[in-house]
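First residue of the sequence shown: 199, per this note's numbering; consecutive thereafter.
Think of the CB as a built atom: it goes at the ideal place given N, C-alpha and C, for glycine as much as any other residue.
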Amino acid sequence: MIILGIETTAHTFGVGIVNDQGKVLANAFDSFTCNQGGMILDEVAEHHKKVAEKILTKAFAEAKLSWKDVDLMAYSAGPGLDPVLYTGYHLAQAWSEKQNKKLVGVNHCAAHLSIGKVINQLKDPCYLYVSGVNTQVIVDENNKYRVVGETLDLGLGNMLDKLGRSLGLGFPAGPEMEQLAKQGKYLELPYTVKGMDVSLSGMLTKVQQLIEKGIKKEDLCFSVQETCFAMLTEVTERAMANANKKELLLVGGVGANQRFCEMLKIMCKERGAKFYKVPMDLARDNGAMIAWEGYLRKETQAEVNPHWRVDEV
Ligand code: ATP
Ligand code: FE2
Numbered sequence: 199m200i201i202l203g204i205e206t207t208a209h210t211f212g213v214g215i216v217n218d219q220g221k222v223l224a225n226a227f228d229s230f231t232c233n234q235g236g237m238i239l240d241e242v243a244e245h246h247k248k249v250a251e252k253i254l255t256k257a258f259a260e261a262k263l264s265w266k267d268v269d270l271m272a273y274s275a276g277p278g279l280d281p282v283l284y285t286g287y288h289l290a291q292a293w294s295e296k297q298n299k300k301l302v303g304v305n306h307c308a309a310h311l312s313i314g315k316v317i318n319q320l321k322d323p324c325y326l327y328v329s330g331v332n333t334q335v336i337v338d339e340n341n342k343y344r345v346v347g348e349t350l351d352l353g354l355g356n357m358l359d360k361l362g363r364s365l366g367l368g369f370p371a372g373p374e375m376e377q378l379a380k381q382g383k384y385l386e387l388p389y390t391v392k393g394m395d396v397s398l399s400g401m402l403t404k405v406q407q408l409i410e411k412g413i414k415k416e417d418l419c420f421s422v423q424e425t426c427f428a429m430l431t432e433v434t435e436r437a438m439a440n441a442n443k444k445e446l447l448l449v450g451g452v453g454a455n456q457r458f459c460e461m462l463k464i465m466c467k468e469r470g471a472k473f474y475k476v477p478m479d480l481a482r483d484n485g486a487m488i489a490w491e492g493y494l495r496k497e498t499q500a501e502v503n504p505h506w507r508v509d510e511v
């Protein structure tokens, strides 16, 4: 069985093709970029419409396949940016009607988890999903995702990007903060774990005050990383112990951070568990993960839901 997936929740338009074993046959994409300001949603939607045919053709060329080989289509139904999601949905609908293919709508966050699981051939991992918006510890309970811990306010990536802006760094700030942190010394910051959840807004306020006092960038970056990563490592460890999980899968953009991976790896080793992550091309927003999630959910129905949580899937 061949599945074609279309990703359009944010700035990336992607088309991926996978088979029913989770083998990625193509993963083409084009991301909206701009020199100034943030993303203007209508411009992003226009971008996706403009590149759609080109990216579809590229994906078919990569996979050495054509429409006649496709058995099922999937698109991301949410969560995501409202007008951009509808652009993807309407494109997917038009292609599916024209080619007479079945179409399923899938959850973008669940797709990030599923592709990581199949690529690493995992049985039953604990998931740590840390992106711009999302900071969640997730386990699978009887084929349903359960969020066992999460941020009570900001996602970690967004928090790092806000600090980056105050520190005069580029966007996204994570990679540059990681480099600065290598020259930094530790200073104490608010460590806020509430049960299985974490809170990051207190730290954001505190660090913004320290920036105004002229504390060195390097020391702030190092201390923010050490504190936030330790908070997440603590709740993840507890989740793994409670749910008796022997595998940890880290997904989301903050997972690119080497120090974060190192801390999680040590925690896993100490409890006889194994740590996994996702290769870059499948970790970013992409069509292949949507295709694979579509295969797993081929019997389900969805339209568009900009606020669709992973535990509602
Ligand atoms: P989603 O829609 O799945 O929530 P997203 O678009 O919000 O995704 P991702 O692309 O998964 O986010 O991740 C982007 C975030 O990752 C940014 O906030 C960025 O600063 C952060 N990031 C990227 N590289 C690093 C790094 N090396 N260290 C820390 N954070 C990083
Ligand atoms: Fe994403």
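| For S399, the first and last residue of its enclosing alpha helix (DSSP H) | Position 201 of the sequence shown holds residue 399. Where S399 is concerned, the enclosing alpha helix (DSSP H) stretches over S399 to E410.
| Among all the DSSP beta bridges, which residues are the ones paired with F227? | For the purposes of this step, residue 227 is taken as residue 29 along the sequence shown, with counting starting at 1. Answer is G212.
| request: Determine the closest residue to T206 out of Q291, Y284 and E241, with distance taken between C-alpha atoms. | output: Counting from 1 along the sequence shown, the entry for residue 206 is found at position 8. The residue with the shortest Cα to Cα distance from T206 is Y284.
| query | Just reading off the beta strand (DSSP E) that Q334 is part of, what are its end residues? | reply | Sequence index remark: in the sequence shown, residue 334 carries index 136 (1-based). It spans T333 to E339 - the beta strand (DSSP E) in which Q334 sits, taken as one unbroken run.
| Does I200 have its Cβ less than 9 angstroms from a Cβ in chain B? | The structure shown has no chain B; it contains just one protein chain.
| How long is the line joining the alpha carbons of A439 and E251, rounded to whole angstroms? | Taking the sequence shown and counting its residues from 1, one reaches residue 439 at position 241. Taking the sequence shown and counting its residues from 1, one reaches residue 251 at position 53. C-alpha separation (whole angstroms): 47 angstroms.
| query | For G382 versus C419, is the C-beta distance shorter than 9 angstroms? | reply | The count along the sequence shown starts at 1 and reaches residue 382 at position 184. The count along the sequence shown starts at 1 and reaches residue 419 at position 221. Yes, the Cβ-Cβ distance between G382 and C419 is below 9 angstroms.
| field | D280, buried or exposed, once every other Cβ within 10 Å from all chains shown has been counted against 16 | value | For the purposes of this step, residue 280 is taken as residue 82 along the sequence shown, with counting starting at 1. Counting Cβ neighbours within 10 Å, D280 comes out exposed, since fewer than 16 surround it.
| task | Please find out if some non-hydrogen atom of the ligand FE2 comes closer than 8 angstroms to the beta-carbon of H245. | result | Start at 1 with the first residue of the sequence shown, and residue 245 comes out as number 47. No.
| query | Does DSSP classify A486 as helix, strand or coil? | reply | Your numbering for residue 486 matches position 288 in the sequence shown. Three-state DSSP puts A486 in a helix.
| field | Selection from A224, D218 and V346 that minimises the alpha carbon distance to I204 | value | For the purposes of this step, residue 204 is identified with residue 6 of the sequence shown, where counting begins at 1. When each option's Cα is compared against that of I204, the closest is A224.
| T231: beta carbon under 8 angstroms from a heavy atom of the ligand ATP? | Residue numbering aside, residue 231 sits at position 33 when the sequence shown is read from its first letter. Because no heavy atom of the ligand ATP lies under 8 angstroms away, the Cβ of T231 does not count as near it: no.
| field | Three-state secondary structure assigned by DSSP to N440 | value | Numbered from its first residue, the sequence shown carries residue 440 at position 242. Three-state DSSP puts N440 in a helix.
| request: Have a look at V304 and K414 and give me their C-alpha separation to the nearest angstrom. | output: On the sequence shown, residue 304 is found 106 positions in, with the first residue counted as 1. On the sequence shown, residue 414 is found 216 positions in, with the first residue counted as 1. Whole-angstrom Cα-Cα distance: 44 angstroms.
| request: Say yes only if the C-beta of A275 is nearer than 8 angstroms to one or more non-hydrogen atoms of the ligand FE2, and no if none qualify. | output: For the purposes of this step, residue 275 is identified with residue 77 of the sequence shown, where counting begins at 1. Not under cutoff, so the answer is no.
| message | Taking the alpha-carbon of D417 as reference, which of V216, L385, M461 and E445 has the nearest alpha-carbon? | response | Stepping through the sequence shown from its first residue, residue 417 is reached at position 219. Proximity to D417 across V216, L385, M461 and E445 peaks at L385, based on C-alpha coordinates.
| query | Looking at T431 and the ligand FE2, is the gap between the Cβ and the nearest heavy atom below 8 angstroms? | reply | Here residue 431 corresponds to residue number 233 of the sequence shown, with the count starting at 1. Checking the Cβ of T431 against the ligand FE2 gives no.
| query | What's the C-alpha gap between L447 and D479? | reply | Translated into positions along the sequence shown, residue 447 becomes position 249. Translated into positions along the sequence shown, residue 479 becomes position 281. The straight-line gap from Cα to Cα measures roughly 16 angstroms.
| query | Taking the DSSP output, what are the residues bridged to K472? | reply | For the purposes of this step, residue 472 is taken as the residue at position 274 of the sequence shown. Paired residues: E445.
| query | DSSP state of R344, grouped into three classes? | reply | As a first step, residue 344 is located in the sequence shown; it is residue number 146 there, counting from the start. Reduced to three states, the DSSP call for R344 is strand.
| Cα-Cα, which of L402, L263 and Q291 is closest to M271? | In the sequence shown, residue 271 corresponds to position 73, counting from 1. Per the Cα distances, Q291.
| query | Which residue from N341, A257 and N340 puts its Cα closest to that of L202? | reply | Along the sequence shown, one-based indexing puts residue 202 at 4. Minimum Cα distance to L202 is reached at A257.
| Is it the case that the CB of M375 approaches a heavy atom of the ligand ATP more closely than 8 angstroms? | In the sequence shown, counting from the first residue as 1, residue 375 sits at position 177. Distances taken from the Cβ of M375 to the heavy atoms of the ligand ATP include one shorter than 8 angstroms.
| field | Residues that V452 bridges to, as DSSP identifies them | value | To locate residue 452, count along the sequence shown from 1; it is residue 254. Answer is none; V452 lacks a bridge partner.
| said: Going by beta-carbon coordinates alone, are L354 and V328 separated by less than 9 angstroms? | reply: Your numbering for residue 354 matches position 156 in the sequence shown. Your numbering for residue 328 matches position 130 in the sequence shown. The answer is yes: Cβ separation under 9 angstroms.
| Quick one: is A428 buried, meaning 16 or more other Cβ sit within 10 Å of its Cβ, or exposed? | Residue numbering aside, residue 428 sits at position 230 when the sequence shown is read from its first letter. Under a 10 Å Cβ-count criterion, A428 is classified as exposed, with fewer than 16 other Cβ atoms of the shown protein chains found around its own Cβ.
| message | DSSP three-state label for V502, please. | response | For the purposes of this step, residue 502 is taken as residue 304 along the sequence shown, with counting starting at 1. The answer is coil: DSSP assigns V502 none of H, G, I, E or B.
| task | Using beta-carbon positions only, say whether V337 and M394 come within less than 9 angstroms of one another. | result | On the sequence shown, position 139 is the one that residue 337 refers to. On the sequence shown, position 196 is the one that residue 394 refers to. Cβ distance not < 9 angstroms, so V337 and M394 don't count as in contact.
| So, are the CB atoms of D228 and I200 less than 9 angstroms apart? | Taking the first residue of the sequence shown as 1, we reach residue 228 at position 30. Taking the first residue of the sequence shown as 1, we reach residue 200 at position 2. No, these two residues do not count as a Cβ contact at 9 angstroms.
| query | Would the beta-carbon of R457 fall within 9 angstroms of that of E435? | reply | Counting from one through the sequence shown, the residue named residue 457 turns up at place 259. Counting from one through the sequence shown, the residue named residue 435 turns up at place 237. Contact flag unset, no.
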